[in-house]
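Each remark here refers to the structure printed beneath this line.
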Amino acid sequence: MKPAAAHLDGKFVLAGVAGLSALAILGLLAMIIWMSLRTGVPGQPSAYTFNNYTVLLTDPYSLRVLKTTLLFAAVTIGISIPLGFIFAWLVERTDLPHKALAMSLLGIGILFPTFLKAMGWVFLLHPRIGVINVLLMPLFGLTAAPLNIATVAGIGFVEGLTLAPLAYVMISAALRGMNPALVEASSIHGVSRWRTLVRVELPLVYPALVSAVIWMFTVALAAFDVPGVIGMANNIFTFSTALYFMINPNEGLPRYGLSGAYGAIMVAFSLLLMLPYFAALRQSHRYQIISGKSYRARVIELGRWRTAGWALIAAYFFVAFVLPLLAIFWVSLLPFVQMPSRRALAAASFERYGAALFDTALLGAGWNTLLLMVAVPTIVVAASTAISWVVTRSRLRARIVLDAIAFLPHPVPHLLFALAIAYVALLVSDVVPLYGSIYVLMAVYAICWISFGTRVLNNSMIQVHRELEEAAEVGGVPTLTILRKVIAPLIRPGLVYAWIWTSLSAYRELTMAVFLASPRSQVLSTYIWGQWHGGGLGDAAAIAIVMMAVVSPLVAFFWIYARRQQQVASPV
Amino acid sequence: MNCSRITAAALLALALAGASPSGAAESIDHLVAGAAKEGEIVFVAGSETFGGRKGFAELGAAFNKKFGLNARINFAPGPEMNAMAARVITEVKSGRASTDFYLGSQSHYALLHQENALENVPWSASFPWITKDMEVLPGESVLVYTSLNGIIYNSNLIPKDKTPKSYADLIDPRLSPAWAGKMAIPPYVQWLADLSLLWGQEKVKDFARKLVTLSGGRLRYSEEERVVSGEFPIMANIGGALEHMWMWQNKGAPLVAVTGSSPPITSYFQLGALKKSAHPNLAKLFVAFMMSKEAQLIIEKYDGRTTHLVEGTRLAKYLAANRIKLQPPGEAMAAYVKSEGGEGLKFKEELAKMLKQ
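Here the protein sequences come in this chain order: B and G. Sequential numbering of the first sequence, starting at -12, is according to this note's numbering. Sequential numbering of the second sequence, starting at 1150, is according to this note's numbering.
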């Protein structure tokens, strides 16, 4: 039998890792507040002041940014939630054929970077260079482009379209867990399908809808990719892009203090939004199946509407994924952006792809991306395991607080964590040369995605009965060994799922990376962003295509694995 | 804030008037020996700078050949000049610059000088091919290319009878309907401040107000491909307008440039080694190399831009052929600094507010 100290040591290690993670989260949030009370650049002496808040609140530009952000978020929600609901309803509540294929088509969209799709939409729906507009105008004898992506509504449309699969995932989980007895009762009493949907099913998934709406709102609040790619050149600024220009100004020095004030207000706003979010989640159990019986609701027969259901899903996949990809591919072949024509086709070549193969900076960015795709999920899974163990297994009073802290990066826009860690790295750069290194990106990704890791692993660990480890404890097995040999094998699907999802997130992340990447720590997403932002549209398009091709096998593997595990890719 | 900027501007003007490099001249051999140990150099700038990856591959090879080195030249696409200047200053103050040398024009270099971010190098004393007039900020920066500002437009999208011949045409009600709501304007104020030296401040303010009303977006100076593509049919001003036209017309693109004023607004783009650089010897050697005739020819080949001070470059020939005389770079720098003080600063702040709308 091992001494009691061994048990204690293991528990201390887990509690220590969990505590350090929580400290890192709180520390970065505190840094944002601290930044907001200072002026000048990091490392320079500064008196404490509320001047940044005064400047922010009295500048008409801030009001304009606020209005734009709210409108952008409203359109994003208006597109993503209805689409997500329809897809979820078709997959979960109807007899739509080939559901696995439908789920895969919707899922693939989540896993490919949003900013690449946004690039494609510029070439599709811009009023002057959008292929669709150029085709529609002569077709209907129009003198002006009928559609315009270069507006707040257009940007919201693209964001909403890319977030629809995420809304689908969130709502479908609720539809699956919905109490079918009420729907059955409605059907028995002769209520029409439509009335049942509106009067029974919609109220039943109401909490899931509310939480999905709030989640989409926080995503829109922080989204950099679509507003950055489409909005910036068209003088449309949301919170995230306005913040970007405070740190990377067109003229003068970076305004860290002002960006801190922006950040502090965003943090407060995001945390306020969490109140209705949690209220909705608390209500959700009232609508779930509580019967122990294997009781499944009868699915709705679509009849001739089956084709229409599939047409909608196929059209979504084509419009949201295939079309932007084709547009990027076309641009990548040309010496400069041109409409499809014989002349343009004659000028097309794979020259940019050949050049990309010998681009050492691009290879370096690829290597850094790979490093993040391995290291970040490993750190996230390790830290989340420790936190989830403390939350679900220990009797510590602080475990509820720890869980709440681990959840904090979920509502708070991730770019604020990036901003805070950049500030810290600059402050300590004389002592520790962290600024601009890949480790800064690694740290901030890990901190931000702990919230996701702990949600997955909390759920997994709760399902493992304590008696197994209690038996091992009685046998004198140390805590870490119990975790490794008893709990880990039982929660393996959750661990692998969290690892792969985080790995793919590291691959597609742009918002945080764009604030932190330096020449030493370029990743593929920032490399493409640099090309796009620097005016190299064709090069950006070619590298984007290469990036998608390289990562496709991993995406396919992830999707097959997730399907096999019967776990749906929900971030909450 | 204003007071400190005015003081700094005055100090810079004084420095420009009577400055002589304080750093001692280092021999090229000494620099080469130091550079050999450093092994690599990092340069962060806009993705298409000096021809981007292709240009840098050739520049790197020629540089290594000239000095008998085997250094790796790491060109990393990064933020454009303004954002990069802000970043460099923050980094130098905090301990380590992420780029070894910097590319920027008068406004950026004035800021870098003011923030003491530039390494002192007696360029013309150390490198025989660098003349004194190439040193824009004596002992700090050298002129790598001269850039004539102007309007660019897509000739497929602007009707021939509506093409602008000058900046004033941009707001002419007879012509402007052709680009109203579709014109890109740069998010910078410096070209407008330069224009005020010809037009006066009030006229420029009126011009800027009308320009903002007619604009449909903001493009930075590296984004001319968005005019080539037709996303914006016209851009009110861009640095290196002629060079952009030459480069894109070579690819068959419908881009036309017009210098919007006479004399043309000119930007003097400079290179300088940074303090807290990780590779100081290579930085100095590479900056000096960029002023050589062989480097200028490579830059001309890939980027279309050159300094008019190196004999035989396209711009030198163009200026001679068109009998255009430019203000000496050092004088232009001093004029810029003057515009940074007092009324000039207030004027720029007013313009910045207008452009933010």
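Beta carbons are placed, not taken as given, at the ideal position from N, Cα and C, and that holds for glycine. Note that this is a predicted model, so its numbers are computed, not measured.
Task: Close Cβ partners of Ile1238(G) (< 8 angstroms) along its chain, the five nearest in sequence each way excluded - done: Here residue 1238(G) corresponds to residue number 89 of the second sequence, with the count starting at 1. Excluding positions up to five away in sequence, the list reads Leu1260, Leu1261, Glu1264 and Ala1266.
- [ ] Mind checking which residues open and close the alpha helix (DSSP H) that includes Leu240(B)?
- [x] Within the first sequence, residue 240(B) is the residue found at index 253, counting from 1. No alpha helix (DSSP H) holds Leu240(B); DSSP gives it neither H nor E.
Open item on the list: For a minimum of 4 consecutive residues, which ranges assigned as the alpha helix (DSSP H) are wholly contained in the stretch 283 to 320 of chain B?
Closed with: For the stretch 283 to 320 of chain B, the full-length alpha helix (DSSP H) segments reaching 4 residues or more read 292 to 304 and 310 to 319 along the chain.
TODO: Report the three-state DSSP secondary structure of Ser278(B) (helix, strand or coil).
DONE: Locating residue 278(B) in the first sequence gives position 291, counting from the first residue. Its pLDDT being 46, under 50, Ser278(B) is placed unreliably by the model, and nothing is read from it.
Task: Proximal residues, the stretch 1206 to 1224 of chain G versus chain B, C-beta separation under 9 angstroms - done: Answer in chain order: Ala1206, Arg1221, Asn1223 and Phe1224.
Open item on the list: What would DSSP say about Phe102(B), mapped onto helix, strand or coil?
Closed with: Position 115 of the first sequence, counting from 1, holds the residue named residue 102(B). In this structure, Phe102(B) counts as helix in the three-state DSSP scheme.
- [ ] Identify whether Gly1388(G) lies in helix, strand or coil by the three-state DSSP scheme.
- [x] For the purposes of this step, residue 1388(G) is taken as the residue at position 239 of the second sequence. Coil.
Open item on the list: Starting from Ala1317(G), trace the alpha helix (DSSP H) in both directions and tell me its first and last residue.
Closed with: Working through the second sequence from its first residue, we reach residue 1317(G) at position 168. From DSSP, Ala1317(G) is part of no alpha helix (DSSP H); its letter is neither H nor E.
- [ ] Can you give me the start and stop residues for the beta strand (DSSP E) that Met1332(G) sits inside?
- [x] By 1-based counting over the second sequence, the position of residue 1332(G) is 183. Met1332(G) -> beta strand (DSSP E) spans Met1332 to Ile1334.
- [ ] Just the chain G side, please: which residues come within less than 9 angstroms of His452(B) by C-beta, in chain order?
- [x] Start at 1 with the first residue of the first sequence, and residue 452(B) comes out as number 465. Near His452(B) there are no residues of chain G at all, since even the closest Cβ is about 52 angstroms away, more than 9 angstroms.
Open item on the list: According to DSSP, is Glu1480(G) part of a helix, a strand, or is it coil?
Closed with: The sequence position of residue 1480(G) within the second sequence is 331, counting from 1. If DSSP states are grouped into helix, strand and coil, Glu1480(G) belongs with the helices.
TODO: Look at the alpha carbon of Ser1488(G) and the alpha carbon of Met1439(G), and state the distance between them as a whole number of angstroms.
DONE: If you number the second sequence from 1, residue 1488(G) lands on position 339. If you number the second sequence from 1, residue 1439(G) lands on position 290. Going by the C-alpha atoms only, they are around 29 angstroms apart.
TODO: Can you grab the Cα-Cα spacing for the pair Val178(B) / Ser91(B), in whole Å?
DONE: Residue numbering aside, residue 178(B) sits at position 191 when the first sequence is read from its first letter. Residue numbering aside, residue 91(B) sits at position 104 when the first sequence is read from its first letter. In this model, Val178(B) and Ser91(B) are separated by some 33 angstroms (Cα to Cα).
Open item on the list: Quick check: the Cα distance between Ala302(B) and Val443(B), rounded to an integer number of angstroms?
Closed with: One-based indexing of the first sequence puts residue 302(B) at position 315. One-based indexing of the first sequence puts residue 443(B) at position 456. Answer to the nearest angstrom: the Cα atoms are 32 angstroms apart.
TODO: Taking 8 angstroms as the threshold, find out whether the stretch 429 to 442 of chain B comes into contact with the stretch 363 to 376 of chain B through three or more Cβ pairs.
DONE: yes
Task: Coil, strand or helix - Thr149(B) by DSSP - done: Within the first sequence, numbered from 1, the residue matching residue 149(B) stands at position 162. Helix.
Open item on the list: For the beta strand (DSSP E) containing Thr1415(G), name the first residue and the last one.
Closed with: Within the second sequence, residue 1415(G) is the residue found at index 266, counting from 1. Start and end: Thr1415 to Ala1422.
- [ ] Have a look at Gly147(B), Thr379(B) and Asn221(B) and flag the residue whose alpha-carbon is nearest the alpha-carbon of Gln450(B).
- [x] Within the first sequence, residue 450(B) is the residue found at index 463, counting from 1. The residue with the shortest Cα to Cα distance from Gln450(B) is Thr379(B).
Task: Between the CA atoms of Ala11(B) and Ile387(B) - distance to the nearest angstrom - done: By 1-based counting over the first sequence, the position of residue 387(B) is 400. By 1-based counting over the first sequence, the position of residue 11(B) is 24. About 17 angstroms.
Open item on the list: Using a 10 Å radius around the Cβ and a threshold of 16 neighbouring Cβ atoms, would you call Leu310(B) buried or exposed?
Closed with: The sequence position of residue 310(B) within the first sequence is 323, counting from 1. Classification of Leu310(B): buried, given that the 10 Å Cβ count is 16 or more.
Task: Residues bridged to Ile1190(G) [DSSP beta-bridge criterion] - done: Residue 1190(G) sits at position 41 when you count from the first residue of the second sequence. Its beta-bridge partners are Ile1222(G).
TODO: Compute the distance between the beta-carbons of Val1377(G) and Val324(B), then report whether it is under 9 angstroms.
DONE: Residue 1377(G) sits at position 228 when you count from the first residue of the second sequence. Residue 324(B) sits at position 337 when you count from the first residue of the first sequence. Yes, the Cβ-Cβ distance between Val1377(G) and Val324(B) is below 9 angstroms.
Open item on the list: Does chain G have any CB closer than 9 angstroms to the CB of Asp346(B)?
Closed with: Here the question's residue 346(B) lines up with position 359 in the first sequence. So yes, Asp346(B) belongs to the interface.
Open item on the list: Helix, strand or coil for Gly1288(G)? Go by DSSP, reduced to three states.
Closed with: Translated into the one-based positions of the second sequence, residue 1288(G) becomes position 139. The answer is coil: DSSP assigns Gly1288(G) none of H, G, I, E or B.
- [ ] Run down chain G in chain order and give the residues with a C-beta less than 7 angstroms from the C-beta of Tyr48(B).
- [x] By 1-based counting over the first sequence, the position of residue 48(B) is 61. Ordered by position in chain G, the residues that pass the 7 angstroms Cβ test against Tyr48(B) are Lys1505.
Open item on the list: What does DSSP give as the partner residue(s) for Val537(B) in the beta ladder?
Closed with: As a first step, residue 537(B) is located in the first sequence; it is residue number 550 there, counting from the start. Answer is none; Val537(B) lacks a bridge partner.
Open item on the list: Can you confirm whether Ala1158(G), when its beta carbon is compared against all beta carbons of chain B, has any partner nearer than 9 angstroms?
Closed with: Walking along the second sequence from the start, residue 1158(G) turns up at place 9. With a pLDDT of 49 at Ala1158(G), under the threshold of 50, the predicted position of this residue should be treated as unreliable, though the coordinate-derived value follows. Ala1158(G) does not count as touching chain B.
TODO: Compare the C-alpha of Leu389(B) against each of Ala504(B), Ala2(B), Pro236(B) and Asp(-4)(B) and name the closest.
DONE: On the first sequence, residue 389(B) is found 402 positions in, with the first residue counted as 1. Comparing Cα-Cα distances from Leu389(B) to each of Ala504(B), Ala2(B), Pro236(B) and Asp(-4)(B), the minimum goes to Ala2(B).
Open item on the list: Quick check: what's the CA-CA separation for Gln31(B) versus Leu1423(G)?
Closed with: The count along the first sequence starts at 1 and reaches residue 31(B) at position 44. The count along the second sequence starts at 1 and reaches residue 1423(G) at position 274. Approximately 19 angstroms between the Cα atoms of the pair.
TODO: Compare the C-beta of Glu1489(G) against all C-beta atoms of chain B and say whether one is closer than 9 angstroms.
DONE: The count along the second sequence starts at 1 and reaches residue 1489(G) at position 340. Interface with chain B (9 angstroms Cβ-Cβ cutoff): Glu1489(G) is excluded.
Open item on the list: Which same chain residues end up closer than 8 angstroms to Met1503(G) when comparing Cβ atoms and leaving out the 5 residues on each side of it in sequence?
Closed with: Within the second sequence, residue 1503(G) is the residue found at index 354, counting from 1. Same-chain partners within the cutoff: Lys1354, Ala1357, Arg1358 and Val1361.
Task: Amino acids of chain G, ordered along the chain, whose beta-carbon sits closer than 7 angstroms to that of Asn39(B) - done: The residue labelled residue 39(B) in the question sits at position 52 within the first sequence. Per Cβ cutoff of 7 angstroms: no residues; Asn39(B) is ~14 angstroms from chain G at best.
TODO: Determine the closest residue to Val286(B) out of Gly65(B), Leu258(B), Asn221(B) and Thr183(B), with distance taken between C-alpha atoms.
DONE: In the first sequence, counting from the first residue as 1, residue 286(B) sits at position 299. The candidate whose alpha carbon is nearest that of Val286(B) is Thr183(B).
- [ ] Spatial neighbours of Val200(B) within its chain, please: CB distance less than 8 angstroms, with the 5 preceding and 5 following residues excluded, ordered by chain position.
- [x] Here residue 200(B) refers to the residue found at position 213 when the first sequence is read from its first residue. So the list reads Ile64 and Ile68, once near-sequence residues are dropped.
Open item on the list: Does any residue of chain B have a CB that is nearer than 9 angstroms to the CB of Tyr1294(G)?
Closed with: Walking along the second sequence from the start, residue 1294(G) turns up at place 145. No - not a single Cβ of chain B is within 9 angstroms of the one on Tyr1294(G).
Open item on the list: Between Ser1239(G) and chain B, is the shortest Cβ-Cβ distance under 9 angstroms, so that the two count as touching?
Closed with: Against the second sequence, residue 1239(G) aligns to sequence position 90. It is Thr, not Ser, that sits at residue 1239(G) in the sequence shown. Under the Cβ distance rule, Thr1239(G) counts among the residues neighbouring chain B, one pair being separated by less than 9 angstroms.
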